[in-house]
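Working notes for the structure below.
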Amino acid sequence: MEKKHFNDAHDTIESVIAIDQARKAAQQKKDAASAEMNQISKSIGALMAQGKREEAEAAKAKTGELKENIKALEAEMAAEEEKLTQALLQIPNVPYSIVPEGKGAEDNVAVKVGGWNFGEPLKKLAEGNRSFDADGNGIALRDWPASEDPQPAFAKLPHWELAKKYNLIDFDLGVKISGAGFPVYIGQGARLQRALINFFLAEANKAGYTEIMPPTVVNQASGYGTGQLPDKEGQMYHCEVDDLYLIPTAEVPVTNLYRDEIIDEANLPIKNCAYTECFRREAGSYGKDVRGLNRLHEFSKIEIVRIDTPDHSDASDAGARGRSAAEAGVAVSYSPSLRR
RNA sequence: GGAAAGUUGUCUGAGUGGUCGAAAGAGCCACACUCGAAAUGUGGUGUACGCAUUACGUCGUACCGGGGGUUCGAAUCCCUCACUUUCCGCCA
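What follows is the structure, given as structure tokens:
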């Protein structure tokens with residue numbers, strides 16, 4: 207948790223424990239009061255059955271104060287429970303053990319750099335690298351300095367200029383009908399997008415992931431289920447009339463399929479993938495980060511979700527991580543949008 | 001959008017105010033019978049929290065779609081929300 211800059215991790219855990227203690231104490235008091243009440247009620251029933259009216263009435267008279275007391279104790283217990291829930295919601299998921307610690311994108315570590323065969327430089331670098339296929343095309347592990355990255359023979363253009371030059375994407379039309387961050391893919395651009403979706407889905411299918419086509423709008427419980435709520439409330443589009451959220455990733459519906467379910471270990475791993483449009487408000491993004499396709503309010507993404515036992519997910523890095531990455535062809539999620 | 005009926009344990013399905021956590025059947029588990037199986041018989045068979053714990057729990061509370069209310073007492077009455085089914089309306 208400290209990796210997530212969860213600085214007061216220790217305090218939070220301590221306070222969760224303390225709140226839980228308070229909750230237990232409240233429950234004990236409330237349970238005791240309820241027990242007394244139940245006993246009296248029972249006795250009233252018995253007295254009535256015996257026709258002892260007056261005694262029953264007398265017993266009834268005693269219950270008033272007790273009832274008030276129970277109400278108060280119930281409120282106290284509910285308050286402690288709510289406090290506990292809120293405290294627990296503050297605790298983030300534990301990051302994957304290989305995730306590097308860092309403050310921003312610049313601290314990220316490239317695990318794999320891909321490149322198609324632009325020409326000699328890459329081909330040369332590829333020699334001795336097992337990741338290349340017979341044609342010399344493929345994914346290469348970057349074991350060369352960035353300055354030696356392969357250079358294509360043609361002039362490089364940023365993607366938004368390429369997209370304009372070949373009329374693949376019209377950003378202005380997107381602004382017209384929706385707003386910034388909603389590009390309109392046209393002709394070959396649209397076909398490319400569709401092809402990428404197909405390609406990545408096919409790869410995931412090959413790796414044994416079952417294709418899911420979920421709703422792209424979810425209820426609040428699903429938002430909490432995968433932790434978008436309460437943390438990222440402001441980043442999601444919210445349809446207030448129906449209290450539904452547009453999904454920021456297929457992870458939300460595909461994972462919530464199993465919310466509140468206990469899965470028999472024999473049925474693991476569960477491997478699902480899904481293509482959906484994803485919606486993000488991207489509040490707070492600015493500048494070059496949002497240029498072209500870099501940050502969109504709506505984009506296409508293929509997500510893969512694997513549900514497995516803990517010893518298959520984190521503990522044995524080389525095994526589990528390598529396996530799922532290899533099976534899927536890429537690490538965690540595919541993004542078929544034309545970024546980068 | 002309007003109306004009606006419904007939502008009970010793993011399943012089917014009883015239960016309209018007082019030992020109902022909940023009948024019955026099915027399923028499942030154990031045992032018996034059997035060479036084995038089937039059939040049959042007997043017993044058992046929900047969850048959460050709390051408490052207790054060397055061990056066993058004739059221990060407490062809560063849960064009959066969710067939430068709230070009435071009552072000494074609610075699966076049972078009232079309100080509300082969600083969902084399911086059916087009908088009407090509206091509309092791609």
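Numbering (my numbering), first residue to last: 207 to 546.
Where is the CB? At the ideal position from N, CA and C, for every residue including glycine.
List the residues that DSSP assigns as beta-bridge partners of residue i.
i    : result
I225 : Answer is none; I225 lacks a bridge partner.
D376 : V390
Y451 : V424, H444
T482 : K507
I476 : I513
By the DSSP assignment, the beta strand (DSSP E) with residue i in it spans what residues?
i    : result
L279 : Taken as a continuous stretch (DSSP letters only), L279 belongs to no beta strand (DSSP E), being part of the alpha helix (DSSP H) at 259-295.
R512 : 504-513
I418 : 416-418
Verify whether the separation of the beta carbon atoms of residue i and residue j is less than 9 Å.
i    : j    : result
Y415 : K507 : no
A273 : I225 : Reading the sequence as shown, one finds Lys at residue 273 and not Ala. Cβ distance not < 9 Å, so K273 and I225 don't count as in contact.
V222 : L294 : yes
E509 : A456 : yes
T515 : P454 : no
K230 : E282 : no
H503 : S384 : yes
E488 : R501 : yes
G265 : L253 : The residue you asked about is not Gly; residue 265 is Ala in the sequence shown. Against a cut-off of 9 Å, the Cβ pair of L253 and A265 comes out as a contact.
I513 : T432 : no
I418 : L463 : yes
V496 : A386 : yes
L398 : Y481 : no
Taking its Cβ as the centre, do 16 or more other Cβ atoms sit within 10 Å of residue i, making it buried, or is it exposed?
i    : result
P459 : buried
C479 : buried
G525 : Confidence is the limiting factor: at G525 the pLDDT is only 38, short of 50, which leaves the residue's position unreliable and the question unanswerable from this model.
L379 : exposed
C445 : exposed
I375 : buried
P421 : exposed
T291 : exposed
V162 : Nothing can be reported for residue 162: it is not among the residues displayed for the chain, which extend from 207 to 546.
Q434 : buried
I219 : exposed
Y372 : exposed
E333 : Its pLDDT being 48, under 50, E333 is placed unreliably in this model, and the coordinates cannot settle the point.
F360 : exposed
R486 : buried
A401 : exposed
D214 : exposed
L363 : exposed
A311 : exposed
A410 : buried
G395 : buried
G429 : buried
Which residue marks the beginning of the alpha helix (DSSP H) containing residue i, and which one marks its end?
i    : result
T461 : 457-462
E467 : E467 -> no alpha helix (DSSP H), and no H or E assigned at all.
E367 : 365-371
For residue i and residue j, which I take to be in contact (beta-carbon distance under 8 Å), what is that distance rounded to the nearest angstrom?
i    : j    : result
V424 : Y451 : 6 Å
I250 : A262 : 5 Å
A228 : E286 : 5 Å
H365 : G498 : 5 Å
D276 : A239 : The displayed chain sequence assigns Ile, not Asp, to residue 276. 5 Å between Cβ atoms; contact.
V300 : P306 : About 15 Å separates the two Cβ atoms, so there is no contact after all.
Just checking residue i against the ligand ADP - is the residue's beta carbon closer than 8 Å to any of the ligand's heavy atoms?
i    : result
N244 : Looking at this structure, you won't find the ligand ADP or any other ligand, since it has none at all.
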